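For any residue, its number in the numbering used here is found by taking its place in the sequence shown, counting from 1, and adding 646. Reviewing the structure listed below.
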Amino acid sequence: MGADRTEAKGADPANRDPRREKKQLGRSFGALTLLGVLLVVAGLVGLVYAGLATLTSMFLFGWLLLIGGVVGLLHAVQSRKGNYFWLAVIVAAINLAAGVVILCRPQASAEALTMFAALLFLTGGVFRLVGALVVRGANFGLALVQGAFGILLGVLILASWPGSSLYVIGTFFSLALLFDGLSLIATGFAARRILGLVSEDEAARGPGGAGGARQTVENRPVEDQERSNN
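As structure tokens, this is what we get:
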């Protein structure tokens, strides 16, 4: 029985069907492309309805905090004999409280997150601009443009706050979905193209390639014998 199992295990790699594996890979990359298309559609819809995308992203964020808080609390209870039990409980309680507040007051939470994002853009732009002026490295122009763009974006968001909270988070969320979807589509098409090139290469070789190689291997002993006789 052990020998039969060993033979079966040794025969598994030889019994693999390359065509079936290529079809499975093609289906996987097709599903990846389909997911990218869905993300692109969701991103475009979110850009059109930025307010709805903002509320949707806030509800998603709130539920993620709630789920993370529950999981963290369960993990803290399971490892209550550890040294960081109370720290894990405090972190889980903060996540639960933040999730409840966001779900109960999504508009106020969006306003607070929008101001936080604007301050991040503003401070990040200032640091990049000052760093570019001080260092003056190889990417001086790019760093200067990025810093100025961050400052401008932060100022524009703060200038129209709290009205900007209705569309800023939704716009960023939709843009993230759009670019992620485009990346998945490009990956899926590139992978399917590579599979197509491999299939065309194998078809161009045909069965004669293996036969020719086998015939060459069989003729080598005859040639070696003739050379030794000479």
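We treat Cβ as the ideally placed atom computed from N, Cα and C, and that holds for glycine. Every value quoted in this text rests on a predicted model; they were computed, and no experiment measured them.
C-alpha gap between residue i and residue j, whole angstroms
i    : j    : result
S810 : I803 : 6 Å
R726 : F707 : 28 Å
L733 : I740 : 11 Å
G771 : A794 : 6 Å
L799 : A722 : 41 Å
A744 : L712 : 8 Å
W807 : V801 : 10 Å
A688 : V780 : 42 Å
G854 : L843 : Only weak support exists for where G854 lies, its pLDDT of 49 falling under 50; the value from the coordinates is given anyway. For G854 and L843, the distance between alpha carbons rounds to 19 Å.
A836 : G672 : 11 Å
G783 : L790 : 11 Å
Proximity below 8 Å, CB of residue i to CB of residue j
i    : j    : result
L719 : V735 : yes
G682 : L824 : no
F786 : G692 : no
L742 : F705 : no
V747 : S755 : yes
R774 : F675 : no
Span of the alpha helix (DSSP H) around residue i
i    : result
R774 : P752 to V781
S703 : A696 to Q724
A789 : F786 to A805
Cβ distance (whole Å) where residue i is taken to contact residue j below 8 Å
i    : j    : result
V814 : T769 : Their Cβ separation, rounded to whole angstroms, is 17 Å, which puts V814 and T769 out of contact at 8 Å.
G777 : L685 : Between L685 and G777 the Cβ distance is about 34 Å, and since that is not below 8 Å, they are no contact.
T700 : L812 : 6 Å
A696 : T817 : 5 Å
G796 : F767 : 5 Å
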